[in-house]
Amino acid sequence: MILAWLNSGVLEKTMSDELSTLQNLYQVAAEFLVTYSFQIIGALIILLVGLKLASWASGFTSRLCEKHGLDITLSRFIGNVSKIVVLTFVVIIAIGKFGISIAPFIAAVSALAFGASFAIQGPLSNYGAGLSIILSRPFVVGNTITISGVSGVVEEIRLAATILSTEDGEEILIPNKHIVGEILKNSFANKIIEAAVGISYGDDPAPAISAIKTILADHPHVCDDPAPQVGIAEFADSAITIAYRCWVPTKEYFQIRYQINGAIHQAFQEKGITIPFPQRDIHLIKENQ
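To convert, note that position 33 of the sequence shown is 34 in my numbering; the numbers rise steadily by one, no gaps.
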């Protein structure tokens, strides 16, 4: 009986302490809301308006840059920078609504950034290389580039990486640090087709060259500037090799190449031009027994 009474007293004391703690928390929360409610509402309004303003500033700046003929990549970069600047000021103003000094905050962020920079040197080098690409503009969106054996059309240039697309619909992401300082081939929006076909030594090369020139000139996707080139490349063992070079859109490279080859084969058949194959004469000499 006495033990039950003691346990009941302990339980009542515990519940009383918990209720007292909850009351204190409620009182602190109520005082905080009463004291800072207007500051919180004001800060939220500032943040919401600031987000809208930052998005508008980014879009307006990008459109203004493009209107004045700046490259699309540089325009996007300037737009993003303007957005970050606006957001930074908005956050500073929102923090100021609480009467908090931002000097210690900035110092702490600077210290953290300095320490983190040693751990993220790889990503930071990509951002540095991306900034270099955007400012120096060795290539722009729509150019065809080859870097470290990888070719494609530039779809987007980000601070961290450059995105290429291929004719096969593949998307290639290259970290920018692997682009800056490497040998870069830029053929702009087009890619060159270099191919050759052999004709028999018994045929006149002139009609064959004329036929290929006509095919290249009539194809709607072969570029006029630079103009296609056709001529005798070499005199091989079994054929006169006629080579041709022309520029075509990168994303249609293989399709156009196959079309040209098919048209050349058909034209040669119609004109009676022979495409020879290697031949060897074997002479058997019998030794006198």
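The C-beta atom is built at its ideal place from N, Cα and C for all residues, glycine as well.
Identified DSSP bridge partners for residue i
i      : result
Phe236 : Ile241
Glu183 : Beta-bridge pairing links Glu183 to no other residue.
Ser166 : Val154 and Glu172
Arg246 : Glu195 and Gln230
Gln62  : The amino acid occupying residue 62 in the given sequence is Thr; Gln does not appear at that position. Looking at the DSSP assignment, Thr62 forms no beta bridge with any residue, so it has no partner.
Thr147 : Ser152 and Lys186
Ala200 : Going by the sequence as given, residue 200 is Ile instead of Ala. DSSP output for Ile200 lists Ile241 as bridge partner(s).
Counted within 10 angstroms of its Cβ, other Cβ atoms place residue i as buried (16 or more) or exposed
i      : result
Glu271 : exposed
Lys192 : buried
Ile213 : buried
Trp248 : buried
Asn127 : buried
Ile286 : exposed
Phe61  : exposed
Arg77  : buried
Val87  : buried
Phe236 : exposed
Supposed contact pair residue j and residue i - C-beta distance, whole angstroms, cut 8 Å
i      : j      : result
Pro206 : Ser239 : So it is not a contact: roughly 15 Å between Cβ atoms.
Ile241 : Leu185 : Not really, about 37 Å apart at Cβ, beyond 8 Å.
Gly143 : Ala190 : 6 Å
Val151 : Ile134 : Not really, about 16 Å apart at Cβ, beyond 8 Å.
Val155 : Thr163 : 6 Å
Ile216 : Ile276 : Not quite, the Cβ-Cβ distance comes to about 15 Å (not below 8 Å), so this is no contact.
Below-8 Å beta-carbon distance, residue i vs any chain B residue
i      : result
Ile158 : Considering every chain present, this structure includes no chain B. It has just one protein chain.
Using 8 Å as the Cβ pair cut-off and three pairs as the minimum, do the stretch 155-172 and the stretch 193-204 touch?
-> no
Taking contact to mean at least 3 C-beta pairs separated by less than 8 Å, is the stretch 48-57 in contact with the stretch 84-95?
-> yes
Are three or more beta carbon pairs between the stretch 171-179 and the stretch 222-239 nearer than 8 Å?
-> no
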